[in-house]
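Numbering (this note's numbering), first residue to last: 192 to 640.
The C-beta atom is built at its ideal place from N, Cα and C for all residues, glycine as well.
Worksheet for the structure shown next.
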């Protein structure tokens with residue numbers, strides 16, 4: 192069972208140099224992240240993404256993907272995430288071409304107390320491979336330190352490694368390079384045990400990459416991004432064998448409505464619920480090579496088919512009422528009178544704000560855990576040039592009024608406190624709106640105390 196984080200943990204993490212984060216979608220907001228592989232180790236979720244960085248003179252190719260290292264993030268509840276820092280970097284791997292900036296989508300698995308981190312990049316020895324190849328770094332803990340092997344895996348050319356540890360103990364490596372390939376691994380998880388097999392039953396039109404394979408109820412699901420039209424959508428095929436033959440079944444997630452060219456994903460089951468980890472360019476809407484990782488819930492139909500996932504900003508997990516509640520990661524938003532905008536367009540890592548232009552606007556944020564004890568007050572961070580009162584209700588527009596927060600007239604952000612008027616224990620939605628029909632006000636977050 193996944194336990195909640197201890198109340199003292201965020202402060203303790205800061206003391207040892209680890210960065211806590213509270214976010215919905217995207218769930219990492221202190222840096223660009225993409226291609227998330229999620230795994231459960233020792234009752235904790237670990238996410239191994241790639242790390243996009245902006246190009247600069249002498250640092251990567253302008254207008255393209257630039258990645259020089261990998262971080263790992265972990266959570267006990269899918270809401271509070273810890274950045275454990277860099278685990279592998281390009282110039283500390285013996286076989287990697289220096290300054291290649293091509294540390295693309297990784298994976299990590301555990302066997303016999305050892306953690307095997309698989310990553311693709313460009314080798315310095317072009318006789319090994321003229322394109323990408325895949326290497327392994329090994330650690331005693333999921334957060335490292337990881338020690339890279341001196342050479343990449345022999346016989347593998349490509350990107351996007353994924354490892355399946357099957358129920359019988361056999362390990363399989365999957366990767367992509369024009370097609371998607373698979374092969375058995377030796378028991379040391381460092382070498383191929385056979386020649387690669389092309390998984391050729393997939394669509395022949397358009398780019399295919401990023402394989403992620405898992406088994407459920409005797410069915411092997413091969414999931415992958417595929418460009419059917421202009422951008423990648425997430426699709427899947429199934430088989431009764433880890434290496435196929437596979438039958439294409441359908442789409443997991445449609446193309447990005449805003450035109451983000453790539454998507455890359457993993458699936459995870461936790462406490463009888465399945466989740467889809469994927470990415471989008473939320474923090475870089477004008478440049479889709481700087482991406483950010485997301486999570487949404489996923490489910491299966493009775494026949495084993497995957498129900499299509501609709502992306503959300505709210506994401507998953509409960510939000511503690513006593514933490515900052517980012518209303519801009521809403522569950523529902525009115526069609527008029529409310530919008531979402533960056534706090535600072537020059538530094539998008541600061542996140543977003545909810546902008547109410549009139550009393551017709553409202554925002555609903557689901558899944559706020561209040562517990563049993565009534566909070567005494569609520570603090571709202573807001574700004575209003577003319578002054579405005581913000582009303583907070585429980586559950587919906589007709590729910591009890593929890594608080595009315597008067598944001599004073601002014602141009603600066605202010606933290607305004609108000610008493611809690613009504614309370615119901617348990618988990619509820621927040622419904623927030625200006626009280627006056629003509630009021631204009633911006634809200635960063637609210638928090639109960």
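Exposure of residue 523, with buried meaning 16 or more beta-carbon neighbours within 10 Å: exposed
Where residue 252 falls, given that 16 or more other Cβ within 10 Å makes a residue buried: exposed
Own chain partners of residue 602 with C-beta closer than 8 Å, once the 5 adjacent residues on each side are dropped: 574, 576
Inside the segment 507-550 only - beta strand (DSSP E) runs reaching at least 3 residues: 529-533, 543-547
Extent of the continuous beta strand (DSSP E) run through residue 328: 324-330
Buried or exposed by the 16-neighbour rule on C-beta atoms within 10 Å, applied to residue 360: exposed
Spatial neighbours of residue 389 in its chain, beta-carbon cut-off 7 Å, leaving aside the 5 residues before and after: 370, 372
Three-state secondary structure assigned by DSSP to residue 281: helix
Per DSSP, the bridge partner or partners of residue 456: DSSP output for residue 456 lists no bridge partner at all.
Residue 578 versus residue 549 - alpha carbon distance: 12 Å
Nearest neighbour of residue 595, chosen from 607, 589, 525 [CA to CA]: 607
Where the beta strand (DSSP E) containing residue 257 begins and where it ends: Residue 257 -> no beta strand (DSSP E), and no H or E assigned at all.
Beta-carbon spacing of residue 543, residue 519 below 8 Å: yes
Test item: CB-CB of residue 381 and residue 327 under 8 Å: yes
Residue 553 (DSSP reduced to helix, strand or coil): coil
C-alpha distance - residue 532 paired with residue 448, whole-angstrom precision: 18 Å
First through last residue of the beta strand (DSSP E) which encompasses residue 301: 298-302
Option nearest residue 238 by Cα separation, candidates 557, 456, 634: 456
Residue 349, enclosing beta strand (DSSP E) - first and last residue: From DSSP, residue 349 is part of no beta strand (DSSP E); its letter is neither H nor E.
Close Cβ partners of residue 218 (< 7 Å) along its chain, the five nearest in sequence each way excluded: 272, 484, 485, 486, 506
Three-way DSSP call (helix, strand, coil) for residue 196 in this model: Note that residue 196 scores a pLDDT of 37, beneath 50, so its modelled location is shaky and nothing firm can be said.
Sub-8 Å separation of residue 581 and residue 512 beta-carbons: no
Whether residue 459 touches residue 466 by CB criterion (8 Å): yes
Terminal residues of the beta strand (DSSP E) in which residue 568 lies: 568-575
For residue 334, three-class secondary structure by DSSP: coil
Residue 242 - DSSP class collapsed to helix/strand/coil: coil
Residue 432 classed as buried or exposed, judged by whether at least 16 other C-beta atoms fall within 10 angstroms: exposed
Nearest residue (CA-CA) to residue 298, options 402, 635, 474, 391: 402
4 or more residues per run - each alpha helix (DSSP H) lying fully within the segment 370-448: none
Where residue 294 falls: helix, strand or coil (DSSP): coil
With 16 other Cβ atoms within 10 Å as the buried cut-off, status of residue 351: buried
N-terminal and C-terminal residue of the beta strand (DSSP E) that residue 311 is part of: 305-312
Local Cβ density within 10 Å of residue 368, reported as buried at 16 or more and exposed below that: buried
Beta-carbon proximity of residue 355 to residue 284, cut-off 8 Å: no
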